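Top line first, the protein sequences correspond to chains A and B.
With my numbering applied, the first sequence closes on residue 463, and no number is skipped along the way.
With my numbering applied, the second sequence closes on residue 287, and no number is skipped along the way.
Just so you know, even glycine gets a beta-carbon here, dropped at the ideal spot from N, CA and C.
Fair warning: this is a prediction, and the values are worked out from it, not measured in the lab.
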Amino acid sequence: MMTDDFDRILDECIDRINRGAKVGDCLSDYPAYTEKLRPLLQAVHDVQKTCTFAPSADAKRAAKQKFYAALDKQGRMAPGLSLLRLIPRSVAWATIAVLVLAAVGILVAQPVVNPPTLVPSRDGNFAFLISDEPNDIGDFESLNVTISRVGLQAAGSLKRLEFTPETKTVDLTRLQGEQSQEIWRGNVTAGQYSQVFIYVSEVTGKLKSTGQIVDVKLPGSKLHLSMPFEVTTDAVTSFTFDITVVATGNNGKYILKPQAGGSGARQE
Amino acid sequence: MNMDNRKDIPTIKEYESRLADLYEEYYDKVARYVYVHIGDKEEAEDIAGEVFLKALKSLKSYREQGVPMQGWLFRIAHNLTVDYLRKIDKRRTVPIDSVILVGNDNPVDTAERSIDFERVTEAMKQLTTEQAQVINLRFFGGLTSKEVGGILGKSDGAVREMQRAAIEKLRGIMGAEK
């Protein structure tokens, strides 16, 4: 019976923590159980804190547009009516006219489609380069990174362009500091861009000290930089994406990450 | 709800309306639930979007028999997550890549967060399948024990017991690794 009581109290505290309460608030309400509750609630807090993640507003908005477009497509809700749910209820009715116009505008101007793949061209207005910000690159005799494709996210819209690098594999040990290597050049639609994605398919690192191939982890299927830049028709925009390798402690593991400080666009 | 009485069975339109109502509250929770399994922020966002699209397409087959719609969403999320994990390279099963690597993160902070995440996910792997499901749905999905019980086919008392045992186990594993 005592265990069941404790399970209920623990459960209630977790519900409260899920709603934003602090561990201390829960403990103060159950002084008789504080000693037993504290380590468990602290573990709950540690696990939740470590895995904290809030989806980006852009991703949420894009997903929501797809969802409501699908809802409308099914034809069971009045066309366009479901789009009213894209804004909070408290302001929905006050903005009906604006919302309908905006929603229609969004759906017409920003269709969700697979990103087009750009064709390389020596005379293009855009060049993409890779460089390496020295952190723990000195540990490596070679660090080959194979890039399968690169994505450019247009600012303020869902439009994304992609291209396949002409040079797919780069050795980061040769691209330290001011060194860089162009991996693609071609024509990119003029406009403002906000994010760059690199899809890495393979990483092979060889350590200087032992000559062994070491495990280098990747941050997901792609490296991502949020960095606004502009592409114009009358100049060549060169975007350098700086990648760095960092040791993850003394466990012999390494991780690749994008480095905003060494990345950016310039126009020639 | 009396499922035998057709008057009480919600129409597809009513289910659609309910799903749309759930979107705002549950998109983040579903994304978080997926993220903990796969360790990739953007893929988690994409899969969370897919969950609602799949739910919309499957509404005809949805019947509320002890599992509320939000629980059904997490079942779909679970299935899509399993599909995703089957597709990706098996070398990435340790999701050290979980950290949000946007621009100007401090490399040391990034590495430390990666290690913490790896520590938690490794500890989670030592739970039983049901314990891990309880923790994921309670901690990251934000479901109540009763809702989790509905998904797993357990009483809420059994869920509470599994929850306590899982937390004690996690604490023991993570404490020992520190």
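Should the segment 128-136 of chain B be called in touch with the segment 223-233 of chain A, which here means at least 3 C-beta pairs below 8 Å? no
Quick check on threonine 368/A: does DSSP put it in helix, strand or coil? helix
Note down, in chain order, every chain B residue with its Cβ under 8 Å from the Cβ of asparagine 339/A. Chain B residues near asparagine 339/A: none, gap ~16 Å exceeds 8 Å.
Answer yes if the segment 236-249 of chain B comes into contact with the segment 160-171 of chain B, meaning at least three C-beta pairs across the two stretches below 8 Å, and no otherwise. no
Step through the CB atoms of chain B and report whether any lies within less than 9 Å of the CB of cysteine 221/A. no
Buried or exposed for arginine 269/B, please, with buried defined as at least 16 other CB atoms from any protein chain shown within 10 angstroms of its CB. buried
Aspartate 437/A vs serine 337/A beta-carbon contact at 9 Å: no
Using the beta-carbon of each residue, which ones in chain A are nearer than 9 Å to glutamate 270/B? Thr198, Asp199 and Asp202
C-alpha distance - alanine 238/A paired with alanine 275/B, whole-angstrom precision: 11 Å
Under the three-state reduction of DSSP, which class applies to alanine 442/A: helix, strand or coil? strand
Beta-carbon gap between leucine 252/B and glycine 180/B smaller than 9 Å: yes
Taking 9 Å as the threshold (beta carbon to beta carbon), is lysine 166/B in contact with chain A? yes
Compute the distance between the beta-carbons of leucine 194/B and isoleucine 147/B, then report whether it is under 9 Å. yes
Taking only runs that begin and end inside the segment 374-421 of chain A, name each unbroken alpha helix (DSSP H) of 4 or more residues, in chain order. none
Test: glycine 258/B CB closer than 9 Å to a CB of chain A: no
Leaving aside the five residues before and after glycine 456/A along the sequence, list all residues of the same chain whose C-beta is less than 8 Å from its C-beta, in chain order. Glu328 and Asp437
Residue burial classification, threonine 190/B (beta-carbon count within 10 angstroms, cutoff 16): buried
Leaving out the 5 sequence neighbours to the left and right, which residues in its chain are closer than 8 Å to isoleucine 212/A when beta-carbon positions are compared? Val218, Cys221, Leu236, Val239, His240 and Gln243
Ends of the beta strand (DSSP E) at arginine 355/A? 355-358
Helix, strand or coil, according to DSSP, for glutamate 230/A in the structure here? helix
Comparing the CB of glutamate 463/A with every heavy atom of the ligand GTP, is any distance shorter than 8 Å? This structure lacks the ligand GTP; in fact it carries no ligand of any kind.
When burial is assigned at 16 or more other CB atoms within 10 Å of the CB, is arginine 461/A buried or exposed? exposed
Confirm, please, whether the CB-CB distance from leucine 324/A to phenylalanine 424/A is below 9 Å. no
Cross-chain neighbours of serine 343/A in chain B, by beta carbon under 8 Å: None at all; the shortest Cβ gap to chain B is about 12 Å.
I'd like the list of long-range same chain contacts for lysine 255/B, defined as Cβ closer than 7 Å, with 5 residues on each side in sequence excluded. Asp265
Could you have a look at glycine 284/B and say whether DSSP puts it in helix, strand or coil? helix
From the DSSP output, in three-state form, read off arginine 317/A for me. coil
Please report how far the alpha carbon of valine 383/A lies from the alpha carbon of leucine 313/A, in whole angstroms. 7 Å
Look up alanine 349/A in the DSSP assignment and give the residues it is bridged to. Tyr388/A
Between which two residues does the beta strand (DSSP E) containing glycine 259/B stretch? Run containing glycine 259/B: none in the beta strand (DSSP E); it sits in the alpha helix (DSSP H), 254-261.
State whether the segment 329-348 of chain A contacts the segment 391-405 of chain A, with contact taken as three or more CB pairs (one from each stretch) at a distance under 8 Å. yes
Just how far apart, CA to CA, sit glutamine 407/A and alanine 442/A? 15 Å
Does glutamine 240/B pass the burial test, meaning 16 or more other C-beta atoms within 10 Å, or should it be called exposed? buried
Residue span of the alpha helix (DSSP H) that contains tyrosine 449/A, given as start and end: From DSSP, tyrosine 449/A is part of no alpha helix (DSSP H) but of the beta strand (DSSP E) over 449-453.
Classify asparagine 339/A as helix, strand or coil using the three-state DSSP reduction. strand
Buried or exposed: which applies to asparagine 320/A, given that a residue is buried once 16 or more other Cβ atoms fall within 10 Å of its Cβ? buried
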